[in-house]
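Notes follow once the structure below has been shown.
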Amino acid sequence: MRRLVVVPLVSGMLIACAACSPGDEPPPRTSPGWTLPAEPDPGARDAIRGLWDGMALRHAAQEELVRRCMTKAGFTYIKSPSPTSDVAPTMTVEPYGQPVAEAKRHGYPKDPANDKIATETDPGNGGLSASDQAKWQAAYFGDDSAAVQVDLPNGESIGVNGNGCLAEAKATLYGSVELEIRVVNFAGTLPLEAQRQIRADPTLKTLNATWAACVKAKGLGDFPDPETARTKATEFTTQTTPADAHKKEIALAVADAECETETDYAPQRRTLEDRYYTTALHMYEGPITELLTTNKHALLKAKHVLSGAGA
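Per the numbering used here, residue 362 is the first one in the sequence shown, and the count goes up by one each step.
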């Protein structure tokens, strides 16, 4: 069985990190100096999100290439659904900035990247014997005879199989398995690295403390930051009736939004984040250029594959 997530595009490591709470993340690695500009570059946040532009189409083409390869190997392969739009799994909806009026109407906004229920699907090996399943897995994932170690721009290394239909599809689209692993993982880890730096910044800690004091004064609870309040709101449905849970969520969301307004929270945090995103874009200009060039070429190849060429 294959467990699908909303964005089945990157390794389990990245998808797991995208779903982590700040407290679940590994500690920050030693990084080069994050010297912040006085003002962020215009569009820095969009540029970070843009590292995933075209990924939905590239994923669809990758699945098609895997299907063709598995068919040649004598196996059935059922393609996993591709997203209908590009979603950056580590750049989700900002956990702040909601207007008071919207909070009063709806409670907290739902993140489309994390709100969809995952489903179980059979990729084509569900009815096979144990022996044939092993052969199916070997055809899809490859074996250790062609292991590839990839050094990422953030200093980490990842080991993957360099053969099998999945590796072959990646190599066809991106030029090599190593290049695909490097650019896709970098696109996911760069925002996480920037966000770790942001959360450690004294300016954000002070801003969060001011917001937290405001919410506590309203009698809605003791939360260190807006992210924690939103997480708490998701737990209400397991503690009471749906109607009461929604009522409690709205009360907390309104207090959250009112305190953000009173402390000028969102503009200050957004500017701080954009300064870090600006720094990240300049610090990793080389890997980002490689990523954008690779994605552009892979997208052209993906469109060719999806046109039916070579089917």
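For glycine and all other residues, C-beta sits at the position ideal for the given N, C-alpha and C.
query	result
Mind pulling the alpha helix (DSSP H) runs of 4 or more residues that sit fully within the stretch 472-534?	491-502
On the premise that L642 lies in contact with A405, defined as a C-beta separation below 8 Å, what is that separation, rounded to the nearest angstrom?	6 Å
Out of E621, R636, E646, E634, which has the shortest C-alpha to C-alpha gap to K462?	In the sequence as presented, Lys is not what sits at residue 462; that position holds Ala. If we check each option's Cα against that of A462, E621 comes out closest.
Take Y457 and list the residues in its own chain whose beta-carbon comes closer than 7 Å to its own, dropping the five residues that flank it on each side.	P587, E621, Y626, A627, R630
Among the residues of its own chain, which have a CB less than 7 Å from the CB of N650, if the five just before and after it don't count?	First, the residue type needs correcting, since residue 650 is Thr and not Asn in the sequence shown. Nothing meets the Cβ criterion.
Hey, how far is the Cα of I542 from the Cα of V511?	7 Å
I need the DSSP call for M452, collapsed to helix, strand or coil.	coil
Using the Cβ count rule (16 or more neighbours within 10 Å means buried), how would you classify K657?	exposed
When you compare only the Cα positions, how much space is there between A408 and E610?	33 Å
Give every residue of the same chain whose Cβ lies closer than 6 Å to the Cβ of G468, excluding the five residues on either side of it in the sequence, and list them in chain order.	E610, I611, A614
Using CA coordinates, which residue listed in L426, G435, R419 is at the minimum distance from L661?	R419
Give the straight-line distance between the Cα atoms of N524 and S492, rounded to the nearest whole angstrom.	20 Å
Do you know offhand how far A663's Cα is from G415's?	10 Å
Looking at the unbroken alpha helix (DSSP H) that takes in T437, where does it start and where does it end?	No alpha helix (DSSP H) contains T437, which DSSP labels as neither H nor E.
Considering F547, what are the terminal residues of the alpha helix (DSSP H) in which it resides?	538-560
Among T533, T550, T640, W395, which residue has its Cα nearest to the Cα of R429?	T533
Compare the C-alpha of T482 against each of L553, K440, A555, P403 and name the closest.	K440
Spatial neighbours of G520 within its chain, please: C-beta separation below 8 Å, excluding the five flanking residues on both sides.	A508, V509, Q510, V511
Can we say the stretch 574-582 touches the stretch 443-460, given the rule of at least three CB pairs closer than 8 Å?	no
Round the Cβ separation of Y637 and L397 to the nearest angstrom and send it over; I've been treating them as touching at under 8 Å.	7 Å
Can you tell me where the alpha helix (DSSP H) holding A399 begins and where it ends?	Run containing A399: none; DSSP gives neither H nor E here.
Within a Cβ cutoff of 8 Å, which residues of the same chain sit near S506, ignoring the five residues on either side of it in sequence?	N524
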